[in-house]
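Protein chains in written order, with my numbering: chain A, 10 to 348; chain B, 29 to 279.
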């Protein structure tokens, strides 16, 4: 055995990476992790390139390690225990062969389990990501074996501050395909409306509820089907907004009032059911102010990685730790913060 | 607030529309229009052929070309200006179809349970069942755009009399089903509920996720011609090819 065994897992958990490009013209959307930032954070913690991870919608999972491994926990914080010992979220940990990880969700967003060397399932159409809407791959099931790639780095016990991005908030938007079809009054009302992330939602899209009149455009039932993208906010026939997710259709006939800017999209798609969401149109200049391409974002995240200081109260078996010198393999002193 | 120009209502096509931070749409029509579809295909092909710096992916919808880019490396204004220049450089509605297209001839059975709505469709068009089959198979249809499911092509245009509304009661159709509505036909690349009318069945599957070389058979601009076969002949065909014959189209 060369990796992990999924002992138990809830419905809807999948292997995800940054998705696949190049197939929009042929009807296949990018897919990939709902929270791309969580994949990049895991890469920073594991000191490696972005890899495929297990994406957990809010469902529990029990994973058995069939070999020693490094484990990074990112995305929406969940309760994680390794053979019963609590593990810090947004951190990377060493796991011994035969140990068992149990994860249980506390809120409603996506958690990510990433591993040194990454999950090494077959690449299909340039990605390991399951795309359930397209019929590509499938959800993980109890009893699945997942191979891991070669782990060429060795660093563990690092942590990263993921910030407050798991409770909704105000999202910056820019115009999209049909913004010009909405009245100025509705554009203003849209920005003044408090939305709530509805329980209905999946990787294709998430429904947003609000009090008040629906949002509609003139003649929206006869719109020509047009390119649709993750982050677009579309109005269904009833004028109810849906935030499109990574597995959205590539084209659609519902009008899109705006598009969430890429840097806010992880927070948008991580908002748990019941979270408050608001939208604010910004200028392109304002959206660009903090925008980073994936590689520059990853470089910035690598600079945020810090040593993980353990709370002795969380350590059940102090004897397992080398307390005298404070030095263990792969954890040299005097390198704080990490380069 | 959004750019004031985004609030003044859409201008007449052709027009450029930004999509979020990292997309640009070049729209040639606001309703289904063969020349606009051809313009979109030709515009995308021209961008691809020029290999624009910073453009990470291109696509087409029914009447638009779509460009996406990495805004961390490529400024929107420069890309928009370059697209505007290309747009002004010729009459895209007169552009020929791009090179490298293929024609798919797909065996289709129009009998019995394979065509549950063929009689209704023929009545709506105002012709006999046999005439409806003949019209559907007469000329190759163009893959105007792909969407809804990977590899699923919207084929058109059928003659004006085929402007049949979608049904409000949805029926489940299997992969390979031929459905029609609104002057278009689709060979379903997945199975699912639809308001379109099933008029034939094929064994052709447009999405082959396990085929590493060509997981999606049809590209926008390709042509599809249906060839009527008996139920017995259809049964002898197996997916994903389903007896398809593919030829390069000589321009």
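Note that CB positions come from ideal geometry on N, CA and C, so glycine has one too.
Listed in chain order, the non-local C-beta contacts of residue 255/B below 8 Å within the same chain comprise 133, 134, 135, 136, 165, local neighbours out to five positions each way being set aside. Partner residues in a beta bridge of residue 153/B, as assigned by DSSP, do not exist. A distance below 7 Å between beta-carbons, with the five flanking residues on each side excluded, links residue 277/B to the following residues of its chain, in chain order: 129, 130, 131, 251. Every alpha helix (DSSP H) of 4 residues or more that sits fully in the segment 193-278 of chain B is shown, in chain order, as 259-263. In the DSSP annotation of this structure, residue 108/A is not part of any beta strand (DSSP E), being labelled neither H nor E. Cβ atoms of residue 271/A and residue 50/B come within 8 Å of each other, at about 7 Å. Residue 198/B is classed as exposed because its beta carbon has fewer than 16 other beta carbons within 10 Å across all chains shown.
Collapsing the DSSP output to three states places residue 137/B in a strand. Taking a cut-off of 8 Å for Cβ pairs, the segment 255-270 of chain A and the segment 225-245 of chain A touch, as three or more such pairs fall below it.
Any Cβ of chain A closer than 8 Å to the Cβ of residue 168/B would place that residue at the interface, and such an atom is absent.
Using a Cβ-Cβ cut-off of 8 Å, residue 180/B is close to 36 of chain A, given in chain order. Taking the Cβ atoms as the reference, residue 231/B lies roughly 7 Å from residue 271/B, within the contact range of under 8 Å. Residue 45/B reaches chain A at 186, counting residues in chain order whose Cβ is nearer than 7 Å.
Secondary structure note for residue 209/A: its beta strand (DSSP E) is the uninterrupted segment 204-210. Within chain B, not a single residue places a beta-carbon under 7 Å from that of residue 147/A; the smallest gap is close to 11 Å.
For residue 104/B, the uninterrupted alpha helix (DSSP H) run begins and ends at 104-116, by DSSP. Taking a C-beta distance under 8 Å as the contact criterion, residue 264/A and residue 243/A qualify as a contact pair. Residue 172/B and residue 245/A have their alpha carbons spaced roughly 24 Å apart. The Cβ atoms of residue 59/B and residue 233/A lie closer than 8 Å to each other. Counting only runs of 3 or more residues that sit fully inside the segment 261-297 of chain A, the beta strand (DSSP E) segments are 265-269, 285-290, in chain order. Chain A places no beta carbon closer than 8 Å to that of residue 198/B, leaving this residue out of the contacts.
Taking each of 93/A, 277/A, 273/A in turn and checking the Cα distance to residue 211/A, the smallest one comes out for 277/A. Assigned with DSSP and collapsed to three states, residue 134/A falls in coil, not helix or strand.
By the Cβ neighbour-count rule, residue 165/A is buried, with 16 or more other Cβ atoms within 10 Å of its own. Boundaries for residue 128/A: no beta strand (DSSP E) harbours it, and the DSSP string shows neither H nor E there. Per DSSP, the unbroken beta strand (DSSP E) holding residue 242/A starts and ends at 241-244. The beta carbon of residue 84/A lies closer than 6 Å to those of 44, 47, 119, 120, 121 in the same chain, with the five residues before and after it left out.
Taking C-beta atoms under 8 Å as the contact rule, residue 171/A and residue 123/A fail to qualify, at a distance of about 13 Å. Excluding five sequence positions before and after residue 124/B, none of the CB atoms of its chain fall closer than 6 Å to its own CB. Per DSSP, residue 124/A is one residue of the beta strand (DSSP E) stretching across 120-124.
In this structure, DSSP gives residue 113/A an extended state, which the three-state scheme calls strand.
Just so you know, the alpha carbons of residue 204/B and residue 155/B end up roughly 25 Å apart.
Neighbours of residue 101/B in chain A, taken as residues at a C-beta separation under 8 Å, are given in chain order as 302.
Only residues of its own chain outside the window of five on either side were considered, and among them 206, 280, 284, 285, 286 have a CB closer than 7 Å to the CB of residue 177/A, listed in chain order. Within a 10 Å sphere around the beta-carbon of residue 267/B sit fewer than 16 other beta-carbons, which makes this residue exposed. For a Cβ distance threshold of 8 Å, residue set 233 of chain A lies close to residue 60/B, ordered along the chain.
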